[in-house]
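Enquirer: Pasting in a structure now, in structure tokens, and then I'll have a few things to ask.
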Amino acid sequence: MKCYLTSTADGEHQELVFAEKRSDAIRKSEAIQWDEYINVRAVRQPDYDKYAEQRYVPKEVLIQDGWWFECYGVNERGFNCFKHLTADDKPLIKYEHVYCGQGCLDRHTAKEGIILVEDGSETRINLPGEEEA
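Just add 5 to wherever you are in the sequence shown, counting from 1, and you've got the numbering used here.
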């Protein structure tokens, strides 16, 4: 499998996709939902081919390579944070989610009723007033 960076013609909806051929990467990409096949770009990213077996490139690697991500956490006002984070911000990366810091992570887990388990998994608990799933 080879890694491709796919996007719409305007550069939106960027995604790393693993596929054997460029055409397969385009078909698998999120970008195909937003643009016609002919307008979707797929550029090889051979440095990331080594992650094909796990089917994703770790966020830590992408951050170090200059990518940015939005904070997945919750700010002090109780809203989703969405702050743009780069390596310069020294973000906290937990379970492949990127956070501004421990505070955003803690507020996120409390708001969502998530218990983080040491093995890296997340367990969702029902908050008061929620029905059993």
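Where is the CB? At the ideal position from N, CA and C, for every residue including glycine.
1. Using 8 Å as the Cβ pair cut-off and three pairs as the minimum, do the region 65 to 80 and the region 27 to 37 touch?
2. Checking 8 Å against the spacing of the C-beta atoms, do Thr11 and Ile31 come in under that value?
3. State yes or no: is the C-beta of Lys64 within less than 8 Å of the C-beta of Ile98?
4. Apart from the five residues just before and just after Ile68, which ones in its own chain have a Cβ nearer than 6 Å to its Cβ?
5. Helix, strand or coil, according to DSSP, for Ala92 in the structure here?
6. Here's the rule: buried if 16 or more other CB atoms are within 10 angstroms of the residue's CB, otherwise exposed. What is Ala14?
7. Provide the residue span of the beta strand (DSSP E) that contains His102, from first to last.
8. Would you call the CB atoms of Arg96 and Cys105 closer than 8 Å?
9. Helix, strand or coil for Asn80? Go by DSSP, reduced to three states.
10. Under three-state DSSP, which class holds Thr13?
11. For the putative contact between Cys109 and Tyr56, defined by C-beta atoms under 8 Å, what is the C-beta separation to the nearest angstrom?
12. Quick one: what's got a C-beta closer than 6 Å to Glu25's C-beta in the same chain, skipping five residues either side?
13. If I measure Cβ to Cβ from Arg46 and keep anything under 7 Å in the same chain, skipping five residues before and after, which residues do I get?
Expert: In brief:
1. Touching, no, given that fewer than three Cβ pairs across the two stretches are closer than 8 Å.
2. The count along the sequence shown starts at 1 and reaches residue 11 at position 6. The count along the sequence shown starts at 1 and reaches residue 31 at position 26. Yes; because the gap between Cβ atoms is below 8 Å, this pair is in contact.
3. On the sequence shown, position 59 is the one that residue 64 refers to. On the sequence shown, position 93 is the one that residue 98 refers to. Inclusion of Lys64 and Ile98 in the CB contact set at 8 Å is warranted, their separation being smaller than that value.
4. Taking the first residue of the sequence shown as position 1, residue 68 is located at position 63. Within the same chain, Ala92 come within 6 Å of Ile68 by CB-CB distance, once the 5 residues on both sides are set aside.
5. Stepping through the sequence shown from its first residue, residue 92 is reached at position 87. Ala92 falls in the helix class under three-state DSSP.
6. On the sequence shown, position 9 is the one that residue 14 refers to. Residue burial annotation: Ala14 is exposed, with fewer than 16 other C-beta atoms found within 10 angstroms of its C-beta.
7. Position 97 of the sequence shown holds residue 102. That run of the beta strand (DSSP E) goes His102 to Tyr104.
8. As a first step, residue 96 is located in the sequence shown; it is residue number 91 there, counting from the start. As a first step, residue 105 is located in the sequence shown; it is residue number 100 there, counting from the start. The identity of residue 96 in the sequence shown is Pro, whereas the question assumes Arg. In terms of Cβ geometry, Pro96 and Cys105 form a close pair [threshold 8 Å].
9. Taking the sequence shown and counting its residues from 1, one reaches residue 80 at position 75. Of the three classes helix, strand and coil, the one that applies to Asn80 here is coil, per DSSP.
10. As a first step, residue 13 must be located in the sequence shown, where it is residue number 8. In the structure shown, Thr13 sits in coil (DSSP, three-state: anything other than H, G, I, E or B).
11. The count along the sequence shown starts at 1 and reaches residue 109 at position 104. The count along the sequence shown starts at 1 and reaches residue 56 at position 51. Not quite, the Cβ-Cβ distance comes to about 26 Å (not below 8 Å), so this is no contact.
12. Residue 25 sits at position 20 when you count from the first residue of the sequence shown. So no residue of the chain qualifies.
13. In the sequence shown, counting from the first residue as 1, residue 46 sits at position 41. By the criterion of a C-beta distance shorter than 7 Å, Arg46 is surrounded in its chain by Thr11, Ser12 and Ala14, once the five residues flanking it on both sides are discounted.
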